[in-house]
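Below is one structure, written out as structure tokens, with a few remarks after it.
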Amino acid sequence: MQFRRFEPTIFQFLEELADNNNRPWFHQNKWRYDCEVLEPCLAFIRAFEPRLKKVSRFFVASDRRVGGSLMRVYRDTRFSKDKTPYKTNVGIQFRHEFGRDVHAPGFYVHIAPEECFLAVGVWRPDRESLSQIRQAIVNESDRWRRARNDRRFCEHFELVGDSLKRPP
């Protein structure tokens with residue numbers, strides 16, 4: 089399958105899954121998941137790989153069905169009050185080749201009926217990585233401010249997330 093764009097059927101499937109988030113419904117509609125969600129996402133990953141390599145050769149675009157860039161549809165409900173078994177969004181992560189999980193530096197594509205977005209950076213870094221990131225910002229604070237305040241950057245991107253009340 090060659091990727092052209094995500095069709096409206098991906099959003100329709102995710103909306104229906106949100107309304108019927110149970111194993112019997114998903115089992116009956118697994119063929120739809122495969123055709124309307126899984127295959128288009130894997131095609132997107134394959135199509136994006138050459139573009140990603142132009143950004144950096146260290147980021148991975150893997151179209152493996154298990155353990156690749158496409159995040160699994162099944163939720164881990166072991167420690168959650170919400171026991172619905174399936175995610176109602178699609179997550180695609182292009183992480184650094186040395187990363188093993190979602191906490192690695194990378195690019196993330198989020199597809200859901202209510203919102204779609206692209207995120208870049210590090211999500212919930214471990215203590216040592218966070219310390220290194222903070223120290224790099226302190227060491228090159230002028231460079232950081234110029235990048236953060238660059239007009240062309242600000243026209244297309246927004247820095248969002250939790251902020252500290254005071255520096256550490």
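Just so we're aligned: the sequence shown equals residues 89 to 256 in the working numbering. Even for Gly, the Cβ is constructed at its ideal location relative to N, Cα and C.
Collapsed DSSP secondary structure at residue i in the structure displayed
i: L158; result: strand
i: Q90; result: coil
i: H244; result: helix
i: V148; result: coil
i: H115; result: helix
i: A235; result: helix
i: F205; result: strand
i: V197; result: strand
i: R153; result: coil
Rounded C-alpha distance that separates residue i from residue j
i: R145; j: F114; result: 37 Å
i: G155; j: R111; result: 22 Å
i: W232; j: V226; result: 9 Å
i: L126; j: R120; result: 9 Å
i: E216; j: E137; result: 30 Å
i: D250; j: I221; result: 15 Å
i: N177; j: P96; result: 14 Å
i: I98; j: D230; result: 43 Å
i: Q116; j: L158; result: 22 Å
i: R93; j: L105; result: 21 Å
i: L218; j: H191; result: 11 Å
i: F274; j: K118; result: Here the chain has residues from 89 to 256 only, and residue 274 is not among them.
i: S168; j: K175; result: 13 Å
i: Q100; j: V197; result: 18 Å
Cβ-Cβ distance between residue i and residue j below 7 Å
i: E103; j: V148; result: no
i: F205; j: F195; result: no
i: N108; j: T172; result: no
Nearest candidate by alpha-carbon position, reference residue i, set the options
i: P256; options: R236, E243, G249, Q223; result: Q223
i: A207; options: P173, P193, L105; result: P193
i: R152; options: V248, E243, C129, N237; result: C129
Cutoff 7 Å: residue i Cβ touching any chain B Cβ
i: E228; result: No chain B is part of this structure, which consists of one protein chain only.
Cβ-heavy atom distance, residue i to the ligand FMN, below 6 Å
i: K141; result: For the structure depicted, the ligand FMN is absent and the ligand set is empty, with no information on it obtainable.
May I ask you to verify whether the stretch 203-212 touches the stretch 158-166, counting CB pairs closer than 8 Å and requiring at least 3? Touching, no.
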